[in-house]
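Comments concern the structure below.
Number of protein chains: 2
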Amino acid sequence: MDNGSQQIELSPIKQIELLASKIPGVVSLAQGIPADDTPSIIKDEVISALQLGKAARYSLTYGLPQLREEISQHLQSIGMEYDWEREIIVTAGSIEGITASLLALVSPGDEVIITSPSYASYQQAIKVARAIPVEVDLDDKWQFDLDAFKKKISKRTKAVIIANPNNPTGTIFAKQELIEIAKLAKSNNFFIILDEVYRDLIYEDSLFFSLAELPEFRDVIVRVYSFSKAYAMTGWRIGYLHSDKRNVDEIIKTHDALVTCAPVISQYAALAALLMPEEQKDQIRQAYKNRRDVIVSRLDKMSDIFSYQKPTAAYFVFPKIKLLDWQDSWRLSLALLEQAKVAVVPGVSFGKRGEGHIRVCFGRSVHDINIAFDRMEEFFDKIKT
Amino acid sequence: MDNGSQQIELSPIKQIELLASKIPGVVSLAQGIPADDTPSIIKDEVISALQLGKAARYSLTYGLPQLREEISQHLQSIGMEYDWEREIIVTAGSIEGITASLLALVSPGDEVIITSPSYASYQQAIKVARAIPVEVDLDDKWQFDLDAFKKKISKRTKAVIIANPNNPTGTIFAKQELIEIAKLAKSNNFFIILDEVYRDLIYEDSLFFSLAELPEFRDVIVRVYSFSKAYAMTGWRIGYLHSDKRNVDEIIKTHDALVTCAPVISQYAALAALLMPEEQKDQIRQAYKNRRDVIVSRLDKMSDIFSYQKPTAAYFVFPKIKLLDWQDSWRLSLALLEQAKVAVVPGVSFGKRGEGHIRVCFGRSVHDINIAFDRMEEFFDKIKT
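Quick mapping for you: the protein sequence lines, in order, are chains A and B.
Take the first sequence: its letter number 143 is residue 143 in our numbering, and every next letter is one higher.
For our numbering, count along the second sequence from 1 and bump the result up by 385.
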């Protein structure tokens, strides 16, 4: 029988992790997983909610009212005004929010623009919504090329997905270009799904701007956030989205059909994360910044092998492979996995523009990063001889 | 802008719960939520996993290997042979499993047969997959009418969803008819999504048979289970599905695009649930059976208002409204909500065949059931005068 998923591939990140899980002793810098455990301040709150019997039952489909109120207050503190009752949905991670939004807002055959490179799962999510992914190449600094972007807009364009900060590049998009794209969205009637899951891991604050701060664009913007990254909570599957009520009225229906509601125990974890003291959040960010500095210094020592754009956010770096024989990023990634026991993600997973690159995650510990780079150095020394 | 979700409605169960959440003092027998907290034996295991730092990170997309192995062993104990590594996916509740299966196995414009009445969210899930729900009426005993079923099969039929035990009726389908439907699925090339989420709440064991026990049908059957009901875990969003590898190879891709993986903390809760002593499971089942007996005796006292089929499983009863003036089930449900402060679900939510009925859940406490019926008796006394 033929079926609906023929065109969809399992995300290459998950393919690599599956392969890596079968090889003993692999150090993985592949999937974006923080090295640390979820902070104990969050775990303590979860245990308390559990003991009070708060986690057993469904929440409302939108999520716990208390959590949505807290999210709404947090949004206000970063310049975004959204009504907790009808404009915010607590989701089972950001990918559920993105897929629910696409299923609600686009129709089969519509086109959805994504940057190349961008997060591998966008392609899947778009195909699950039976829409067509259209890649637009980023420039050499991983910024938007507005002329290239305009050329990709057609009558069938219904949405663009923008990750800011971007994954896999760890870079931040410029304010002026984001505003131009929002104007294009207004005039051409398409949505912007604004994925800001790395917003709390920014190492140069002055660079960052969110389109969701501008009320004139709220009807075309669905902003998505996840607690996975800054709070080491990838396993909890918890995030949220917000948009104008008119869009949320549609998305709530598809969200309901996907998961009924976000896991309630994880909603209590999210509540604790939002209430975490600012100093503790700063400490987490500082720890990632240190890891960024370690990975960058290791890359600098391999300048005959890699060139790269220094990440200013998130926990990825996306080095370009200089060796002409190893431009095939799947071939290099599999060789690194099998011969060096280091898992990285082939750059082509993030779009055609990503070929000739690999994605390396510095969410893992400094110890793991150093072992992985020692092994990679050894691998490249061997192939050069 | 038009969009993909125009045809979809928020589940009426959720609509009722949203309305009920705004009226102080309502007793809800609407959404299928167990009265009790998740058993402490499960919560203790979760706390231990949390303290050991096991819950922070993603699991593999399929789910934790240890949990899948335990599921596979459990399946073996009930006569089902499925490979833990490639034929089982841990899902974020059963609805995620159903929606992921539909998105993987059906194409836009395909038809999916559902019984009328059946669980309200099937309609939504089918529409999210851009397919067309086709209702087939159950007979007066809530059993399949095979002739009626055959008439609904067309060239576009790609799947049928069967909840056994059935929701909202609390009844069990007969073995012989299930086998006939499986043969039709084989000969007409359609899938059976077999939703057995109420399998562990059966009060007359001799009646129950699962199609997933017969290996000759494994290529057309996707069986779905949830820990929500028998273990009072609705808020945890955790369940699983299993099928032949060929189908699971497709479903894993859509599952990944919906949620990446099931919430890991909930996967540890599921593991503890599977390892719970049999006596404790029996006690839970016995408690529901007692509630069933309470609700049935209360309904017997209202035989001028309702007639009903005695539930042999699950925690729902689906009484038929005898009063000619109150055949509109939305009108009655809203009147009960506003005037009697009792939330029930309008029967029409479960399909056209459900009009003239209401769904009443006996998952709640005996105390709540009695208060709700006292109030309903008072309401009907008033309208009769």
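The beta carbon of each residue, even a glycine, is placed where N, CA and C say it ideally should be.
This structure is a prediction, so every number in the text was calculated from the model and none was measured.
Cβ-based neighbour list, residue i, same chain, cut-off 6 Å, excluding 5 preceding and 5 following
i	result
residue 138 of chain A	115
residue 557 of chain B	550, 592, 593, 697 and 698
residue 423 of chain B	617 and 618
residue 377 of chain A	none
residue 178 of chain A	211
residue 294 of chain A	366 and 369
residue 515 of chain B	493
residue 490 of chain B	576
residue 219 of chain A	244
residue 569 of chain B	none
residue 75 of chain A	82
Limits of the alpha helix (DSSP H) - the one that residue i falls within
i	result
residue 742 of chain B	Where residue 742 of chain B is concerned, there is no enclosing alpha helix (DSSP H), given that its DSSP letter is neither H nor E.
residue 682 of chain B	663-685
residue 572 of chain B	560-573
residue 534 of chain B	531-537
residue 115 of chain A	Residue 115 of chain A -> not in any alpha helix (DSSP H); beta strand (DSSP E) instead, spanning 111-116.
residue 126 of chain A	121-128
residue 99 of chain A	94-105
residue 14 of chain A	12-20
residue 393 of chain A	No answer is possible for residue 393 of chain A: the residues shown for chain A start at 1 and end at 385.
Same chain only: Cβ atoms within 7 Å of residue i, ignoring 5 sequence neighbours per side
i	result
residue 559 of chain B	528
residue 695 of chain B	681
residue 633 of chain B	471, 472 and 474
residue 677 of chain B	588, 696 and 747
residue 389 of chain A	As shown, chain A starts at 1 and ends at 385. That puts residue 389 of chain A outside it, with no answer to give.
residue 733 of chain B	714, 715, 739 and 740
residue 121 of chain A	11 and 95
Beta-carbon proximity list for residue i, same chain, < 8 Å, skipping 5 on both sides
i	result
residue 517 of chain B	494, 495, 496, 497, 511 and 541
residue 14 of chain A	31
residue 1 of chain A	In this prediction, residue 1 of chain A scores a pLDDT of 41, lower than 50, which makes its location untrustworthy; no coordinate-derived value is stated.
residue 661 of chain B	424, 426, 427 and 616
Span of the beta strand (DSSP E) around residue i
i	result
residue 649 of chain B	Segment 649-659 is the alpha helix (DSSP H) holding residue 649 of chain B; no beta strand (DSSP E) there.
residue 585 of chain B	Residue 585 of chain B -> no beta strand (DSSP E), and no H or E assigned at all.
residue 522 of chain B	517-522
residue 548 of chain B	542-548
Integer Cβ distance of residue i from residue j, believed to fall under 8 Å
i	j	result
residue 708 of chain B	residue 690 of chain B	6 Å
residue 149 of chain A	residue 181 of chain A	7 Å
residue 764 of chain B	residue 725 of chain B	4 Å
residue 571 of chain B	residue 602 of chain B	7 Å
residue 259 of chain A	residue 481 of chain B	5 Å
residue 450 of chain B	residue 748 of chain B	That pair is no contact at about 32 Å.
residue 443 of chain B	residue 235 of chain A	6 Å
residue 29 of chain A	residue 264 of chain A	Not really, about 33 Å apart at Cβ, beyond 8 Å.
residue 395 of chain B	residue 652 of chain B	Not quite, the Cβ-Cβ distance comes to about 28 Å (not below 8 Å), so this is no contact.
residue 170 of chain A	residue 318 of chain A	7 Å
Subject >> Runs of alpha helix (DSSP H) wholly within the region 441-472 of chain B (minimum 4 residues, chain order) >> reply: DSSP runs (the alpha helix (DSSP H)) wholly in the region 441-472 of chain B: 450-462.
Original post:
For the region 460-486 of chain B, which residues have a CB atom closer than 8 Å to at least one CB atom of chain A, in sequence order?
Top reply: Listed in sequence order: 477, 478, 480, 481 and 484.
Subject >> Any alpha helix (DSSP H) of 4 or more consecutive residues that is wholly inside the region 594-647 of chain B >> reply: 630-644
**OP:** Scan the region 525-553 of chain B for residues whose Cβ lies nearer than 9 Å to a Cβ of chain A and list them as they occur along the chain.
**Re:** 543
**OP:** Can you give me, in chain order, the residues of the region 598-627 of chain B that have a beta carbon less than 7 Å from any beta carbon in chain A?
**Re:** 617, 618, 619, 620, 621 and 622
Original post:
Listed in chain order, which residues of the region 47-72 of chain A have Cβ atoms closer than 7 Å to some Cβ of chain B?
Top reply: Result list: 47, 50, 53, 55, 56, 57, 58, 59, 60 and 61.
Subject >> Residues of the region 9-27 of chain A with Cβ closer than 7 Å to any Cβ of chain B, in chain order >> reply: 9, 10, 11, 14, 17, 18 and 21
Subject >> Chain-ordered residues of the region 116-128 of chain A with a beta carbon less than 7 Å from chain B >> reply: 121, 124, 125 and 128
Original post:
Quick one, which residues of the region 253-285 of chain A are near chain B if we go by CB-CB under 9 Å, in chain order?
Top reply: Per Cβ criterion, the list reads 253, 254, 256, 257, 258, 259, 260, 261, 262, 263, 264, 265, 266, 267 and 269.
Subject >> Members of the region 723-754 of chain B near chain A, C-beta cut-off 9 Å >> reply: none
Original post:
Quick one: complete alpha helix (DSSP H) runs, 4+ long, within the region 301-375 of chain A?
Top reply: 329-335
**OP:** Output, in sequence order along the chain, the residues in the region 311-324 of chain A whose CB is closer than 8 Å to any CB in chain B.
**Re:** none
Original post:
In chain order, what residues of the region 181-211 of chain A put their CB closer than 9 Å to some CB of chain B?
Top reply: 189, 190 and 191
Original post:
At a Cβ cut of 7 Å, what residues of the region 416-430 of chain B count as close to chain A, listed as they run along the chain?
Top reply: Residues passing the 7 Å Cβ filter: 416, 418, 422, 423 and 428.
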